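Data first, discussion second: the structure below is written as structure tokens.
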Amino acid sequence: MIPAPFDYARPTTVAEVLQAVASGGEDVKILAGGQSLIPVMRLRLAAPETVVDLGGVAELRGVREEEDAIVIGAMTTHSDVLSDPLIAANAPLIAEATATVADRQVRHLGTFGGALAHADPAGDLPAVALALDAEFVLVGPGGRRTVAAGDFFVDYLTTALQEGELLVEVRIPTLAGRWGMHYEKFNRVAQAWSIVAVAAAVRTENGHIAEARIGLTNMGPTPLRAAAVEAALAGVDATDEAIASAAAHAAEGTSPSSDLNAQADYRRHLAQVLTRRAVRAAAGL
Amino acid sequence: MTQISVRVDGVNYTDDVEPRTLLVHYLREQLGKVGTVVGCDTSNCGACTVHLDGEAVKSCSVLAVQADGRAVTTIEGIAQDDGSLHPMQKAFHEQHGLQCGFCTPGMIMAAIDLVHDNPDPSEHEVREGIEGNLCRCTGYQNIVRAVQAAAADMRGAAHATATEPAGAPA
Ligand SMILES: Cc1cc2nc3c(=O)[nH]c(=O)nc-3n(C[C@H](O)[C@H](O)[C@H](O)COP(=O)(O)OP(=O)(O)OC[C@H]3O[C@@H](n4cnc5c(N)ncnc54)[C@H](O)[C@@H]3O)c2cc1C
Ligand code: FES
Ligand code: FES
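Protein chains in written order, with the working numbering: chain A, 97 to 381; chain B, 226 to 395.
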């Protein structure tokens, strides 16, 4: 099927985007890479009146360094992320997870911001953003505001983005100390979405784990932090036994769904196994 | 209607399109470039792969208006002007990298993109690199062989033009 007819706007600045969204009528959709939106429009699950294409807005694409963060523009593509030296140096977790997203064709068009704004529970980047305490910079008719990752993901495919608001960039706070990171994704076939995945960032100090941040993909309608695992890891020696016993808490407080790929109890089991693997790798074992 | 200017296989076109026109339909129906095929139509199979500014994309999931001002290369644009095949086409032919041939245009365009990024891919890297392309006939074995053979050929050609004076021994 082809999409239903729509009006098309291709602004070149953020100010023009806001204008185009405001004057686009009842149902306006923002188009980033289109790798989720175009299939949805082809299935006629979305039939917007106006599509506002961000593809011409140069200021939204690219990665820069600030004093206390690296800042990733919403329109930075997955393949830009994979070759970016700032991300490789400061937040390798993002590159590692991005490498598992879809296939090279989709990664050439799909964007960092689009994947976060889409907020698919099986999407790989939301849990990573949550584990890294990312901050989301949104611009709308009411001005500019910054939302913490924990407040950005509200529900299934639902974020804190209000009507007429745009995600412009994501700030990844710079980490002090010695951090290791790993993304552990479980799926069955090439190019597939995560059945469950775990994003781990671990700070080690003299052989013990000083601090751990664990994000869970597809263990509920939104990405989650495995708070019980984080608490159990704080201060323990970085040994297989200590990590395994902490990882046994990974499914606490989660509400995974049952679907064609897996039952909820299997997802709970996977969360524990994958958390153990992710933390081991992040701690350098 | 929206006016777009696109360079396709080295030729400039300016056309009016409906914004909802998908790039693959523009290529096939408006330009007659039927070498690019539609398999699944839902961004999964990769049969419709073309290059947009040199990077592989699935043309069933791109709007023609998104290609405005950009260059598209299809399977019809990769052979030499004298008709001799691109090394990737030649390798698919020689290594039996196809049976029915339906996946082949997309496979070849994805594989060329892979070899541009990684001139000497291992078997595993080829399999990962073409994960977005499905083949229902071959079982992939000969496709992987073809991509590796073409990569070697393309390395040789790049080497010859970049570093060797004409006629020097390899
Ligand atoms: C075959 C296939 C396999 C895939 N596999 C995976 C996978 O394994 N893991 C994974 O994580 N993802 C996967 N994806 C999804 C991919 O990561 C998409 O790129 C991503 O979900 C959407 O990014 P996009 O830039 O294409 O956004 P679009 O499709 O353009 O937009 C998605 C949604 O977000 C909104 N939006 C986009 N940008 C903004 C913005 N700046 N501000 C406000 N709203 C915005 C749009 O309005 C739309 O509702 C897959 C996609 C395909 C087609
Ligand atoms: S036809 Fe485009 S991916 Fe299958
Ligand atoms: S040769 Fe028939 S689908 Fe690949």
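Using N, Cα and C, we set each Cβ at its ideal position, and we do this for glycine too. All figures in this text were calculated on a predicted structure; none of them were measured in a lab.
Cβ-based neighbour list, residue i, same chain, cut-off 6 Å, excluding 5 preceding and 5 following
i: Cys360 of chain B; result: Cys328
i: His345 of chain A; result: Ala324, Val325 and Ala328
i: Val372 of chain B; result: Ala336 and Val351
i: His204 of chain A; result: Ser175
i: Ile134 of chain A; result: none
i: Asp251 of chain A; result: Pro317
i: Glu280 of chain A; result: Val294, Leu370, Arg373 and Ala374
i: Asp293 of chain B; result: Ile229
i: Ala211 of chain A; result: Gly219 and Leu221
i: Ala105 of chain A; result: Ala116 and Val148
i: Lys315 of chain B; result: none
Cβ shell of residue i (< 7 Å), same chain only, five flanking positions each side left out
i: Ala191 of chain A; result: Val177, Leu178, Ile183 and Ala184
i: Ala118 of chain A; result: Pro237 and Gly260
i: Val259 of chain B; result: Arg253
i: Phe248 of chain A; result: Phe232, Thr255 and Ala256
i: Asp266 of chain B; result: Cys285
i: His304 of chain A; result: Gly331, Val332, Asp333 and Ala334
i: Val262 of chain B; result: Ala272, Cys273, Phe327 and Pro330
Endpoints, beta strand (DSSP E) assigned at residue i
i: Asn186 of chain A; result: Here Asn186 of chain A belongs to no beta strand (DSSP E); instead the alpha helix (DSSP H) covers Pro181 to Asn186.
i: His276 of chain B; result: Thr274 to Leu277
i: Val292 of chain A; result: Val292 to Glu301
i: Gly276 of chain A; result: Trp275 to Phe282
i: Leu312 of chain A; result: His304 to Thr313
i: Arg232 of chain B; result: Thr227 to Val233
i: Ile134 of chain A; result: Per DSSP, Ile134 of chain A belongs to no beta strand (DSSP E); it is in the alpha helix (DSSP H), Leu133 to Arg138.
i: Val113 of chain A; result: Per DSSP, Val113 of chain A belongs to no beta strand (DSSP E); it is in the alpha helix (DSSP H), Val110 to Ala118.
i: Leu127 of chain A; result: Val124 to Leu127
i: Val147 of chain A; result: Thr146 to Asp149
i: Glu280 of chain B; result: Glu280 to Lys283
i: Asn237 of chain B; result: Val236 to Val242
i: Asp355 of chain A; result: It is not in any beta strand (DSSP E) - Asp355 of chain A carries neither H nor E in the DSSP assignment.
i: Ala100 of chain A; result: Premise fails: Ala100 of chain A is in no beta strand (DSSP E) and is neither H nor E.
Exposure of residue i, with buried meaning 16 or more beta-carbon neighbours within 10 Å
i: Val282 of chain B; result: buried
i: Ser309 of chain B; result: exposed
i: Ser268 of chain B; result: buried
i: Glu155 of chain A; result: exposed
i: Ala375 of chain B; result: buried
i: Asn358 of chain B; result: buried
i: Ala143 of chain A; result: exposed
i: Arg363 of chain A; result: buried
i: Cys273 of chain B; result: buried
i: Pro101 of chain A; result: exposed
i: Gly331 of chain A; result: exposed
i: Arg241 of chain A; result: exposed
i: Cys362 of chain B; result: exposed
i: Ala382 of chain B; result: exposed
i: Glu265 of chain A; result: buried
i: Gly151 of chain A; result: buried
i: Gly392 of chain B; result: Unreliable placement is indicated for Gly392 of chain B, whose pLDDT of 44 sits below 50; no coordinate value is reported for it.
i: Cys325 of chain B; result: exposed
i: Leu141 of chain A; result: exposed
i: Ser132 of chain A; result: buried
i: Val292 of chain A; result: buried
i: His349 of chain B; result: exposed
i: Asp241 of chain B; result: exposed
Extent of the continuous alpha helix (DSSP H) to which residue i belongs
i: His341 of chain B; result: Thr329 to Asp342
i: Ser341 of chain A; result: Asp336 to Ala343
i: Lys315 of chain B; result: Pro312 to Glu319
i: Val375 of chain A; result: Ala360 to Ala378
i: Val351 of chain B; result: Glu348 to Gly354
i: Glu326 of chain A; result: Ala323 to Leu329
Neighbourhood of residue i by C-beta distance below 8 Å, restricted to the same chain and skipping five residues each side
i: Pro390 of chain B; result: With a pLDDT of 47 at Pro390 of chain B, under the threshold of 50, the modelled position of that residue is not reliable, and the figure given next carries that caveat. Closer than 8 Å at the Cβ level, and outside the excluded window around Pro390 of chain B, lies no residue.
i: Glu243 of chain B; result: Met226 and Thr227
i: Arg321 of chain A; result: Leu226, Ala227, Gly246, Arg309, Ile310, Gly311 and Leu312
i: Arg232 of chain B; result: Tyr238, Arg295, Ala296 and Val297
i: Leu139 of chain A; result: Met97
Any non-hydrogen atom of ligand 5 closer than 7 Å to residue i Cβ
i: Thr318 of chain A; result: The model depicted lacks ligand 5 and carries ligand 1, ligand 2 and ligand 3 instead.
Discussion item. If you measure from each CB to the nearest heavy atom of ligand 2 and keep those under 7 Å, what residues do you get, in chain order?
Written reply: B:Val249, B:Val263, B:Gly264, B:Cys265, B:Asp266, B:Thr267, B:Ser268, B:Asn269, B:Cys270, B:Gly271, B:Ala272, B:Cys273, B:Lys283, B:Ser284, B:Cys285 and B:Ser286
Worksheet item: Can you list the alpha helix (DSSP H) stretches of 4 or more residues lying completely in the region 232-271 of chain A, in chain order?
Response: 245-248
Worksheet item: Fully enclosed by the region 152-231 of chain A, which alpha helix (DSSP H) runs are 4 residues long or longer?
Response: 174-178, 181-186, 188-194, 200-205, 208-214 and 221-227
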